[in-house]
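The structure appears right after this line, and notes come after that.
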C-alpha cells in the first residue's frame, strides 16, 4: 500500500516513507514519522519496529471511515474467530463442531484448535485396528480350542490320549521344521517320534 508522509503529504513505499529516506523538507517538526491512511488521510499509530504498510492495512480493515473502506467491510463481514487473525471472508465458514466462524486458512479443526473436536483420529483408528486384530486372534484361538474339545468329547479315554499324543507329535514336527535345520537335529526328532510311537503300542497291550 502507498504510505503518505504526514508532513509533506507525498506518497511513498514502505522503504521510503520515513523523513530521512525521502529527504522530507519538514522533517524537523516531529521526532518520528507516522504513516497516513491514503483513503481517509488520518495518521495511523504505528510502533517503531512495526511495518507501516501492515499498520495502514489493519487501519483500513478496522478503523478507516472512508467510503471504500466502509463498503469493503460491509461485504466482508465474516470475521475469523482466531485470536489476532484479521481476515474476513465474503461467505461464512462455520465449524460444524464448535459453530464458530473462521477464515479459509483456519477452517479446519486442527488450524483453530477446535475445543469440540475428538482426539486424534489417526491414533484412534490405529488403536481400533490393533484391538480388533488382537481380539480377533484370541477369538480364533479360542474357537480352535473349542473345536478340539468337541472333537475329543466323542472319543473314549484311549482314543483321546492317542489323539493328544498325535497332536503333540505334529506340533513338535512343525516347530522343529521351522527352527531346526541340521541333520543331527532331524535325526533326534525322528528318534523321539519313534519312542512315542513305541510307548503308544505298549499302552494298548
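Residue numbers (my numbering): 64 to 268. Virtual Cβ for every residue (Gly too), placed ideally from N, Cα, C.
Which of helix, strand or coil DSSP assigns to residue i
{"i": "residue 119", "result": "helix"}
{"i": "residue 131", "result": "helix"}
{"i": "residue 147", "result": "coil"}
{"i": "residue 176", "result": "coil"}
{"i": "residue 81", "result": "coil"}
{"i": "residue 318", "result": "Since the first residue of the chain shown is 64 and the last is 268, residue 318 is not available in this structure."}
{"i": "residue 152", "result": "strand"}
{"i": "residue 157", "result": "strand"}
{"i": "residue 185", "result": "Because the pLDDT at residue 185 is just 43, under 50, the model does not fix this residue reliably, and the value given afterwards should be weighed accordingly. Looking at residue 185 - three-state DSSP - the assignment turns out to be helix."}
Pairwise C-alpha distance: residue j and residue i
{"i": "residue 295", "j": "residue 166", "result": "Residue 295 is absent from the model: the chain starts at 64 and stops at 268."}
{"i": "residue 251", "j": "residue 226", "result": "22 angstroms"}
{"i": "residue 158", "j": "residue 140", "result": "17 angstroms"}
{"i": "residue 178", "j": "residue 172", "result": "9 angstroms"}
{"i": "residue 151", "j": "residue 82", "result": "33 angstroms"}
{"i": "residue 156", "j": "residue 119", "result": "26 angstroms"}
{"i": "residue 125", "j": "residue 84", "result": "29 angstroms"}
{"i": "residue 69", "j": "residue 105", "result": "9 angstroms"}
{"i": "residue 257", "j": "residue 229", "result": "12 angstroms"}
{"i": "residue 117", "j": "residue 161", "result": "30 angstroms"}
{"i": "residue 255", "j": "residue 233", "result": "12 angstroms"}
Same chain only: Cβ atoms within 7 angstroms of residue i, ignoring 5 sequence neighbours per side
{"i": "residue 169", "result": "143, 145, 148, 175"}
{"i": "residue 71", "result": "87, 88, 89"}
{"i": "residue 123", "result": "100, 102, 132"}
{"i": "residue 115", "result": "66, 77, 80, 98, 109"}
Heavy atom of the ligand MN within 7 angstroms of residue i beta-carbon
{"i": "residue 153", "result": "You won't find the ligand MN in this model; it holds no ligand whatsoever."}
Cβ neighbours of residue i in the same chain (closer than 8 angstroms, five flanking residues each side left out)
{"i": "residue 121", "result": "149"}
{"i": "residue 163", "result": "144, 157, 175"}
{"i": "residue 107", "result": "97, 98, 99, 100, 115, 118, 119, 122"}
**Prompt:** Are the region 75 to 89 and the region 121 to 130 touching by the rule of at least three beta carbon pairs closer than 8 angstroms?
**Reply:** Flag = no, the region 75 to 89 and the region 121 to 130 do not touch.
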